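To keep things clear, I will list the structure first and then write my remarks on it.
Number of protein chains: 2
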Amino acid sequence: MLDAFFSPKSVAVIGASRDPEKLGYAVLNNIIKANYEGQVYPINPKADEILGYTAYPSIKDVPDPIDLVVIVIPYRFVPPALEECGQKGVTAVVVISAGFREAGREGLERELELIEIAHKYNMRLIGPNCLGVIDTNTPLNATFATDIPPTGPIAFMSQSGALGTAVLDMAMAGHIGFSKFVSLGNKADVSEIDLMSAWAEDPDSRVILMYVEGVPDGQKFIETAKQVTRKKPVVAIKSGVTASGSRAVSSHTGSLAGSEAAYKAAFNQAGIIRATSMEALFDYARAFAYQPPLKGDRIGIVTNAGGPGILATDALEHISLQIPRLSRETNEALSGYLPGAASAANPVDVLGDAMSDRYEFALRRVLDDPVIDGVIVIVTPQAMTQIEETAHAVGRMAKESNKPVLGCFMGESRIQAGVDILWQYGIPNYPYPERAAEALGAMSSYRKEQERRIFGVVPIDVDKRPVHELFDRVRSEGRVSIGDAEAWEVLKAYGFNVPKSRLARGPEEAVEIADEFGYPVVMKVASPDILHKTDVGGVKVNLRTPGDVRDAFDLMIYRAGRYVPGARVWGCQVQEMVQGGREVLLGMSRDPQFGPLVAFGLGGIYVEALKDVSFRIAPFSPREADEMIREIRAYPLLEGVRGEAPADHMAMVDALLRISQLVTDFPEILELDINPLMVFEQGRGAMAIDMRLVLSAQKQ
Amino acid sequence: MLDAFFSPKSVAVIGASRDPEKLGYAVLNNIIKANYEGQVYPINPKADEILGYTAYPSIKDVPDPIDLVVIVIPYRFVPPALEECGQKGVTAVVVISAGFREAGREGLERELELIEIAHKYNMRLIGPNCLGVIDTNTPLNATFATDIPPTGPIAFMSQSGALGTAVLDMAMAGHIGFSKFVSLGNKADVSEIDLMSAWAEDPDSRVILMYVEGVPDGQKFIETAKQVTRKKPVVAIKSGVTASGSRAVSSHTGSLAGSEAAYKAAFNQAGIIRATSMEALFDYARAFAYQPPLKGDRIGIVTNAGGPGILATDALEHISLQIPRLSRETNEALSGYLPGAASAANPVDVLGDAMSDRYEFALRRVLDDPVIDGVIVIVTPQAMTQIEETAHAVGRMAKESNKPVLGCFMGESRIQAGVDILWQYGIPNYPYPERAAEALGAMSSYRKEQERRIFGVVPIDVDKRPVHELFDRVRSEGRVSIGDAEAWEVLKAYGFNVPKSRLARGPEEAVEIADEFGYPVVMKVASPDILHKTDVGGVKVNLRTPGDVRDAFDLMIYRAGRYVPGARVWGCQVQEMVQGGREVLLGMSRDPQFGPLVAFGLGGIYVEALKDVSFRIAPFSPREADEMIREIRAYPLLEGVRGEAPADHMAMVDALLRISQLVTDFPEILELDINPLMVFEQGRGAMAIDMRLVLSAQKQ
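So the protein sequences, as listed, match chains B and V.
The numbers in our numbering rise by one with no breaks, and the one at position 352 of the first sequence is 416.
The numbers in our numbering rise by one with no breaks, and the one at position 280 of the second sequence is 344.
Here it is, written out as structure tokens:
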């Protein structure tokens, strides 16, 4: 669908210039220099010919159809030029010109105008305020960046054009190759969502990288990414995660940075691998792009130096990869071949005087061992080390295997030739063992994410009707807040257990109800006019006898009348008192970018004082709900300490899924808190004791 | 004191060889090639001359005195050769030969023999099983590594020789320079402690780096490092931190990896900056070595690209550095000079079309601004960017300032010339903004560490005598474990408050005591023969009336006799019942490498189930005790939640310091637990309710 951007049959440059100082010259020149094979049309009312190509005063004067137009003229001329593109039937336009949303209110209006024109003519638009588009296979370099990077399987999109130039320059130095490169600019139309979808189907791209400052449509972003990451890894770096960073984003492109908690949840659920630095982004990309998938978490290390082997071991274990014992056969074969002082255990230390034959033998054996899923080969340049021969040996062994092999040739001057040779075999080299380990960690995350995908979102059978009716009624009364018995109606409709509860209109009726429920009971004054019941003594807990109940009834009725004169008082709600469970809290608030952000934590101090909360964006799967519960630091308390039985895990998963569905079914729920959900011992379920929810004034 | 290793007037190589395949050739050749200016004596019984130098059959045949001897012969000949060195009066020997501790039990015996000989003759010994020693200023390259690195202010020691070769090779590629390089090998004699002390006084070294697998004498290591880090930064990478890594260390050099908690505490207290990767080690080193100190935490960013500016901001804030608003003057000057679309706020965005003049103006203003302590200059290679001119401008501005400036020229091919120019001005370049930010973070840690040093360890006035007497008495009875009333004697001697408590020999006496203390009380059966009192019903709490006390007395005496026949029962201990504080736990165990490791945590589930504990090695300062308390995740609970008053912070600091002194005064205390220390509200102190301690069988 976005093909016209990447493999157009013809390209026009509006604003093409003869002046080498102008961007319009650079763009045209780059297209030509990169050996673009289609038709090229410079558009410039003041020239007949530019760089050997016939120039036209307007796009409408070009006699042939045009697939892609690049606009690089002052901002005030962009809207009419875009209008002409529409009239000409162009479907893909890159607007490099700046002076739009990033330039304040007037710029934003100009940008909205662009969007309107694009929609009118069904054109897709990249930019404005961007660097342009590259496809190394077409080849097309429709940017004003000097160089076209080497061809390779990495597709890269960046919200920051300047960061893109740095990446392109880095690529020129070799050992990394790109299929596509897009600077997204202000994302007036084409965004990460469109490019991910398109690139998921692109046979030239094995991995998708993105630099993101903010995404426009969070739910669609997650949905799309979920589909795309089934097909190929997506690695992203999200900037603006801290308060200052987030301010810096806003001042940069005016995009909303969003809450870090929501991004973290969203990227996790979408299966996007998050890189914490630019360096990590490209470290991961090279492993994904050039090596076969890592099918398990068991890593072998072959090294000629103990120290770096230990550093690799530490780094791998730190990210929960395993350094397993080798199988007996491998161990014996290695012991038989290697010198006595060598280590035939994992990490395999072939010793400082190892020539390439020792590496070749050891690597072959380790790669062949079924207990090993991937290998790091560490080479330090010692006196007798054969850098180049060893690189060739590593390359040959890796080619024969379907397991990933990452190089860690350490040093610089002496190892460079070896690193170049590794590269000929498609083996990325990492100058430090920690970085190789982390790249394997990213590969492992991707695989686990794939495995996790089997568990999709499962709809739960509920009766939405009473909830619809309740919400309509509440709104018709001009209210937006729901609690107590009304909240229980919602909870019951969604399959939650709630405490037994009934309205008593007099003290004797209260005693009858309490007798039926069993003591102790809780009582609450029932009045639509008293919101903060506790403040007026309208809540009593742990009432143990009929006498307690009678006293409580009369006292609450008396106080209600005294403290809130004129309040309608219907009586008292008598309620089963639930004891003996662990209290957890389920909450939801709406993130401006991603929608319903559901929170889970232990009740009391754990959420409030210790901020020990996990988040996911609804709707989520049973597997995700399970992870949410395990993610909190206080999870051991739910597993049971000091001989306690574990809390009912499935009941918590179930409760989270029901909340996920509730807030998805009813977008008008703005906020929600179940506090507490009382969770009983394993097998005994859970009960929602209290819920508050806030609706939007309008039905959504 | 170790001068003979680094600037010897003469060097002999025992095992010097004419065969270029032999290490003995490499070492001699390296000494000569590196232009060593002193006397050189090859020692080889089978040659008259090697590489143009007169050879001698034995060290004893050399007519002149020798400062430094390098031994590179098969292991079985090393002890006699070392003996001859001693007889000759040599004071410094490097043993490169392997085949010692790392080679099993027999090797260990050979190594002990070396140590004995060295001690006998008062020789210092580096190695065995090492790469050798380099001093770039002498110049001396007494290693078998091919190259001598460029001269510079970084002194590097490594327990791993192979890792050393990688580092040397990296250095050859430039942009980093070393003063000294030592491969420590098995550390039979000279260890990190000796080198740190020596290098602290070395005017050629501005920063000390170390790769450590294990340290031999933890307390001395900390003491030495504390002194050294007052003078210059020490940056270390510790390997073997994970379980697998730690096994890998043991198999590598047989050194004890030690517990990660103890290392973490030790490095922290010693003021050593811990790098989490090799890359970080050298990133930090270059900032310390080549830039002035960072005197505060306020960082300015100058960039020609928004995206990387945000990444830098995120990374800085993540490690708690500040990105302050610029002063009004700076802001106005920048606004006046920069184009309208530029950002005159911090990060200062000079825009993609910035030439070097804009960088120069902006950087000068930001460096001059008193609200800024250090600067990161980000340059992406855009179409109009003047890489080299900008690098010169940055260099000039940095030279005029006493604030650190780090470069972040991003890319590779196009920026390389700029990076080389920065280097001429001593400005390290980091290819990604996150790495520059982390280097500043290391500089900030070092400064804070210096500030923290003002607070030293303060001895507390205590009466050790009763504790000595008690321990003697306990040991004389063949016991090693102390609890209850005996433990209170220790606590009282060290100035702790303990609950009022007295022995009652009969029920009426128990009631008298309870009347005096006030109800409720706690009672415990008093018997030296009943260790687990709770198991035999020998503890009763919350006794509220004289009747309760009488019943408890009789019941406990009856049960003690029934469950532990023959037990000596002295009566019951009646004890004030302490209520209304927050329970914390103070513990101590002895780490095999660092000694008394003191632990702090909240009582109950926080320590047991949530592992929320902080550690320091005793003795520690009030400032360190304060940090220990703030470090636990549950600290907000001590500050008070839900309107609670804060717990008495100074009382906890005081308790930790008293424990620190107790375990330092009495090395025979192997383990100790105060559980709980009841901490009352701010200003109301704390009380130690219960303590157990375990003594070594022998007085230490």
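Quick reminder that beta carbons are idealized off the backbone N, C-alpha and C, glycines included.
Quantities reported herein were computed from a predicted structural model and do not represent experimental measurements.
List the DSSP bridge partners of V246 of chain V. V:V197, V:M221
Helix, strand or coil for Q291 of chain B? Go by DSSP, reduced to three states. Q291 of chain B falls in the helix class under three-state DSSP.
Any chain V beta carbon closer than 8 Å to T200 of chain B: no
Does F473 of chain V come out as helix, strand or coil in the three-state DSSP assignment? strand
Cβ atoms of L720 of chain B and R646 of chain B: under 8 Å apart, would you say? no
Looking at L757 of chain B: is its Cβ nearer than 8 Å to the Cβ of I440 of chain B? No, Cβ-Cβ distance for L757 of chain B and I440 of chain B is not below 8 Å.
Classify A321 of chain V as buried or exposed, calling it buried when 16 or more other Cβ atoms lie within 10 Å of its own Cβ. Unreliable positioning characterises A321 of chain V in this predicted model, as indicated by a pLDDT of 43, which lies under 50. The coordinate reading is nonetheless provided below. By the C-beta density criterion, A321 of chain V is buried, having at least 16 other C-beta atoms within 10 angstroms.
Cβ neighbours of A226 of chain V in the same chain (closer than 6 Å, five flanking residues each side left out): none
Bounding residues of the alpha helix (DSSP H) (the contiguous stretch that carries N94 of chain V): Element bounds for N94 of chain V: 87-97.
When DSSP labels each residue in this structure, what does E541 of chain B get in the three-state scheme? It is coil, neither helix nor strand.
Does DSSP classify Q746 of chain V as helix, strand or coil? coil
Just curious, the beta strand (DSSP E) that Q637 of chain V is in, first and last residue? 635-640
Stretch-stretch touch, CB-based, cutoff 8 Å, three pairs: the region 151-163 of chain B with the region 130-137 of chain B: Short answer: they touch.
Please go through the region 576-604 of chain V and give each complete beta strand (DSSP E) segment of 3 or more residues, from N-terminal end onward. 585-590
Kindly say whether L402 of chain V, judged by its beta-carbon, lies nearer than 8 Å to any beta-carbon of chain B. no
Going by the CB atoms, is the gap between G635 of chain B and L649 of chain B shorter than 8 Å? no
Using the Cα positions of P217 of chain B and R429 of chain B, report the straight-line distance between them to the nearest angstrom. 30 Å
Could you tell me if Q291 of chain B is buried or exposed, where buried requires 16 or more neighbouring beta carbons within 10 angstroms of its beta carbon? exposed
Does the separation of the CB atoms of G475 of chain B and V458 of chain B fall below 8 Å? no
Neighbourhood of V603 of chain V by C-beta distance below 6 Å, restricted to the same chain and skipping five residues each side: K588, K597
Closest by CA to E708 of chain B, which one among B:Q746, B:E732, B:A162? B:Q746
Cβ of Q657 of chain V within 8 Å of any chain B Cβ: no
What residue from V:A397, V:E148, V:N410, V:T444 has the CA that sits closest to F425 of chain V's CA? V:A397
Contact check, G364 of chain B vs I436 of chain B, beta carbons under 8 Å: yes
Residues of the region 649-678 of chain V with a CB closer than 7 Å to any CB of chain B: list them in chain order, please. I669, E672, A673, L674
Report the partner residues of M448 of chain V according to the DSSP bridge assignment. Looking at the DSSP assignment, M448 of chain V forms no beta bridge with any residue, so it has no partner.
Please go through the same chain and pick out, in chain order, the residues whose beta-carbon is closer than 7 Å to the beta-carbon of K556 of chain V, but skip the five residues on each side of it. So the list reads V562, once near-sequence residues are dropped.
Any alpha helix (DSSP H) of 4 or more consecutive residues that is wholly inside the region 635-691 of chain V: 669-672
Between M751 of chain B and Q643 of chain B, what straight-line distance do the alpha-carbon atoms span, to the nearest angstrom? 10 Å
Using three-state DSSP, classify L402 of chain V as helix, strand or coil. coil
Should the region 658-672 of chain V be called in touch with the region 275-286 of chain V, which here means at least 3 C-beta pairs below 8 Å? Taking 8 Å as the limit for Cβ pairs, the verdict is that the region 275-286 of chain V does touch the region 658-672 of chain V.
Rounded to whole angstroms, what is the Cα-Cα separation between F473 of chain B and C194 of chain V? 21 Å
Buried or exposed: which applies to D233 of chain B, given that a residue is buried once 16 or more other Cβ atoms fall within 10 Å of its Cβ? The residue in question, D233 of chain B, is buried, as its Cβ has 16 or more Cβ neighbours within 10 Å.
Does A568 of chain V come out as helix, strand or coil in the three-state DSSP assignment? In the structure shown, A568 of chain V falls within a strand segment according to DSSP collapsed to helix, strand and coil.
Give me the Cα-Cα distance between S653 of chain B and A330 of chain B, rounded to the nearest whole angstrom. C-alpha of S653 of chain B to C-alpha of A330 of chain B: approximately 14 Å in a straight line.
Quick one: what's got a C-beta closer than 8 Å to V717 of chain B's C-beta in the same chain, skipping five residues either side? P686, A689, D690, I693
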